[in-house]
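These notes concern the structure reproduced below.
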Amino acid sequence: MPAEADWPGRPGAFITVEGGDGAGKSTLARSLGACLSESGHTVRLTFEPGGTELGRRLRSLVLDPELAMGDWDETWLFLAARASHVQDVLKPALAAGELVLSDRYSDSTLAYQGYGRGLDIERLRRLNSEATQGLTPDLTLLLDAPAEIGLERTRARSAQADRIGDADLAFHQRVNAGFQKLATDSSDRIVVIDASRDASHVLMDALQIVNDWLDARVSAS
Ligand code: TYD
Numbered sequence: 065m066p067a068e069a070d071w072p073g074r075p076g077a078f079i080t081v082e083g084g085d086g087a088g089k090s091t092l093a094r095s096l097g098a099c100l101s102e103s104g105h106t107v108r109l110t111f112e113p114g115g116t117e118l119g120r121r122l123r124s125l126v127l128d129p130e131l132a133m134g135d136w137d138e139t140w141l142f143l144a145a146r147a148s149h150v151q152d153v154l155k156p157a158l159a160a161g162e163l164v165l166s167d168r169y170s171d172s173t174l175a176y177q178g179y180g181r182g183l184d185i186e187r188l189r190r191l192n193s194e195a196t197q198g199l200t201p202d203l204t205l206l207l208d209a210p211a212e213i214g215l216e217r218t219r220a221r222s223a224q225a226d227r228i229g230d231a232d233l234a235f236h237q238r239v240n241a242g243f244q245k246l247a248t249d250s251s252d253r254i255v256v257i258d259a260s261r262d263a264s265h266v267l268m269d270a271l272q273i274v275n276d277w278l279d280a281r282v283s284a285s
């Protein structure tokens with residue numbers, strides 16, 4: 065369902081940052097948010113799973129390496145976190161005209177639970193649509209780096225075990241290939257950025273893409 069169906073004339077802009085573990089999304093979202101704020105935008109920086117108190121609690125459950133759960137259990141937890149994020153954070157921020165920048169959103173469920181775990185993609189699309197009330201990002205920056213590089217980065221930065229991050233290399237490779245497939249299928253919305261380079265180059269590309277998109281939006285209105 066296109067965003068416009070449920071969100072007629074919403075004034076804000078909704079941009080998501082996606083990618084595999086260790087692709088550098090959180091670093092990019094923070095620096096991009098700061099640059100856009102400096103140039104006068106009212107930026108709302110948020111993330112999934114999290115972004116609300118319920119989301120934060122669900123996040124600690126879903127990532128807990130001590131907690132065994134099935135692939136669908138995992139999916140429902142991400143969807144519940146997303147539903148509260150949409151209702152309590154995204155919807156009010158967009159209605160207020162803010163530029164919302166979310167570190168992960170519904171493409172992560174398609175890539176991790178769909179392509180990574182092997183769950184049915186069309187069913188996941190329908191469930192995403194329910195959980196998000198049809199809210200689709202206007203623009204998605206997909207940070208692409210080989211899974212080996214991503215995992216090296218996450219292991220160097222944290223020794224903390226994580227039920228999904230600690231899955232084997234083949235899982236993370238399927239996730240990355242899944243993201244690529246999503247980018248090909250939604251090339252009007254998803255822009256791929258080479259994230260194997262250092263953070264300053266990734267930020268420069270991202271800023272250019274977002275500014276071009278914002279300019280095009282103004283010219284079209
Ligand atoms: P996080 O520590 O936020 O990792 P990252 O910094 O890479 O985003 O943990 C979130 C993990 O949850 C990450 O491995 C991706 C995974 N995830 C899913 O599997 N499905 C989802 O729908 C979302 C939002 C995240």
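Counted the way the working numbering counts, the sequence shown spans residues 65 to 285. Where a beta carbon is used, it is the ideal one built from N, C-alpha and C, also for glycine. Bear in mind that the values here come from a model prediction, so they are computed numbers and not experimental data.
- At least one heavy atom of the ligand TYD lies closer than 7 angstroms to the C-beta of E112.
- Contact annotation, G214 with A87: C-beta distance approximately 5 angstroms; criterion of less than 8 angstroms satisfied.
- When C-beta atoms of the segment 108–118 are compared with those of the segment 139–156, three or more pairs fall below 8 angstroms, so the two segments count as touching.
- Excluding its 5 nearest sequence neighbours in each direction, A241 has C-beta neighbours in its own chain below 8 angstroms: Y179, listed in chain order.
- Sorting F142, A160 and R121 by C-alpha distance to the C-alpha of Y169 places F142 at the top.
- Taking a C-beta distance under 8 angstroms as the contact criterion, V81 and L163 do not qualify as a contact pair.
- Cβ-Cβ separation between I254 and L246: approximately 6 angstroms, consistent with a contact (criterion under 8 angstroms).
- If you look at A209, you'll find it isn't in any beta strand (DSSP E); DSSP assigns it neither H nor E.
- V153 is classed as buried because its beta carbon has at least 16 other beta carbons within 10 Å across all chains shown.
- Contact annotation, G76 with A157: C-beta distance approximately 6 angstroms; criterion of less than 8 angstroms satisfied.
- Nearest Cα to D208 within the set R219, I185, Q237 and T196: Q237.
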